[in-house]
Amino acid sequence: MLEMTADEFEALVGDELDQLPDDMLDGLDNVVFVVDDRPEDGSPDLLGLYDGVAVTERGQYGFGEMPDRITVYREPLLAICDDVEELRDQVHVTLVHEIAHYYGIDDERLHELGWG
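If you're matching positions, the sequence shown starts at 1309 in this note's numbering and goes up one per residue.
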């Protein structure tokens, strides 16, 4: 298991967000990115989570809703990575995966596209 402080991990996630294509991020509206140590249920295999309403399922939106959240979980990601480069790759994939949920792409389609 790779070791990394919470601050170092959060900086790495920020760096990976900066590496994502602008057209992927420009469409995000009212979304916050959060780093947490682990999922509330303690699930060791959950690397990230999108909590919100996908744009494909929204009706009238934009009138005081709480922001959607994309959470990246530090401990499960560190547990599956042997080095920082592998961690960067996994964080990148996790961010793309969760952002795809915002755009209404489900897990089945993500797997077909190679992002599952």
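Using N, Cα and C, we set each Cβ at its ideal position, and we do this for glycine too.
For ILE1378, write down the residues that DSSP places opposite it in a beta bridge. Position 70 of the sequence shown holds residue 1378. Paired residues: PHE1341, TYR1358.
How about VAL1380 and LEU1403: do their beta carbons lie closer than 8 Å? Stepping through the sequence shown from its first residue, residue 1380 is reached at position 72. Stepping through the sequence shown from its first residue, residue 1403 is reached at position 95. A distance below 8 Å separates the beta carbons of VAL1380 and LEU1403.
Is it true that the CB of PRO1384 sits closer than 8 Å to the CB of LEU1421? As a first step, residue 1421 must be located in the sequence shown, where it is residue number 113. As a first step, residue 1384 must be located in the sequence shown, where it is residue number 76. A distance of 8 Å or more separates the beta carbons of LEU1421 and PRO1384.
Residue range of the alpha helix (DSSP H) that GLU1393 falls in? The sequence position of residue 1393 within the sequence shown is 85, counting from 1. Residues 1392-1410.
Boundaries (first-last residue) of the alpha helix (DSSP H) holding ARG1417: Indexing the sequence shown from 1 puts residue 1417 at position 109. That run of the alpha helix (DSSP H) goes 1415-1421.
On the three-state DSSP scale, how would you describe MET1309? What you label residue 1309 is simply residue 1 of the sequence shown in a count that begins at 1. In this structure, MET1309 counts as coil in the three-state DSSP scheme.
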